[in-house]
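Those letters in the sequence shown? Residues 814 to 1062, by the numbering used here.
Built from N, CA and C at the ideal position, the CB exists for glycine as well.
Bear in mind the structure is a predicted one, so any value in this text is a computation, not a measurement.
One structure is given here, and the rest of the page talks about it.
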Amino acid sequence: MEEECSLMNTACSDVVILCGGSGTRLKTVLRDRPKPMAPIHGRPFLDLVVNHVISHGFRRIIFCTGYRGEWIAQHFSPRIDIDAIMSHEEIPIGTAGALRACRHALRSSTVLVLNGDSLCAIDLAAFITEHRRRNASATVAVVPADDRSDGGGITLDSQHRITSFDEKTRGMYLNAGIYALESMFLDQIPERTPCSLEHDMFPALLGQGIHAIITQTPVHDIGTPARLDAFRTWMTTSVEKHIEKGAAC
């Protein structure tokens, strides 16, 4: 099957959604729910991420789960519009560690990786295409920096290669939580060792030429109660605007 796939056919690219965080800052709001399953007007936030993924032609999705991962498995495993694979970690091993743990399940040489607790509605197929055009081992979607203090500081050179990636300092750009990674990058993640993409792998491998694709598309992060409330409000406003636009046609 893989040999028959065109290089640009997104249906032949695996998608990994990182869903293993415990969501400590949301415990008082979500109680025993995992953060990506935060309810947004009657549906889990993660539904929005998955629907965005499949709208660009991707079908095979590996969910890297952790805290209360059964919520995610029970919700997505029955869906017939995706090929859902669960990769569960009993003990947190970080974003890179979770990727390494599901390495055996990956079929495609290029893997699209997304955070399960944020949404940035870029054209994912175009993102993969541009990543491949640059022949990069890793590409990160970035947005211009705002006043957030926990988004990570990223600086670029004139060719949009990342020159610094430091989650503790401010930079010109922020991590949008979307990555395209090649097998050669994934194979450098240590096995059975807690490891972070953001804190460990990206900073350590900058010399290999990690690229950035800049987008002006807003990033919706639900990592705190305030941001979760803000996203719910934004969703309500967006739906109302869509209805008003339809009524005017």
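Query	Result
Inter-residue spacing [alpha-carbon to alpha-carbon] between residue 944 and residue 1006	28 Å
Bridge partners - residue 901, DSSP secondary structure assignment	878
Where the beta strand (DSSP E) through residue 837 begins and ends	Unbroken run through residue 837: none, as it is neither H nor E.
Whole-number beta carbon distance between residue 977 and residue 791, since they are thought to touch under 8 Å	Past the boundaries of the shown model lies residue 791; the chain is included only from 814 to 1062, so the question cannot be answered.
Whether residue 861 touches residue 848 by CB criterion (7 Å)	no
Segments of 4+ residues assigned as alpha helix (DSSP H) that fall wholly inside the region 913-955	937-946
Proximity below 7 Å, CB of residue 909 to CB of residue 953	no
Outcome for residue 795 when other beta-carbon atoms lying within 10 angstroms are tallied against a minimum of 16	Any question about residue 795 goes unanswered here, given that the chain covers just 814 to 1062.
Residues sharing a beta bridge with residue 853, DSSP	856
Beta-carbon proximity of residue 939 to residue 831, cut-off 7 Å	no
Distance, residue 1003 Cα to residue 1050 Cα	44 Å
Cβ-based neighbour list, residue 1036, same chain, cut-off 7 Å, excluding 5 preceding and 5 following	838 and 930
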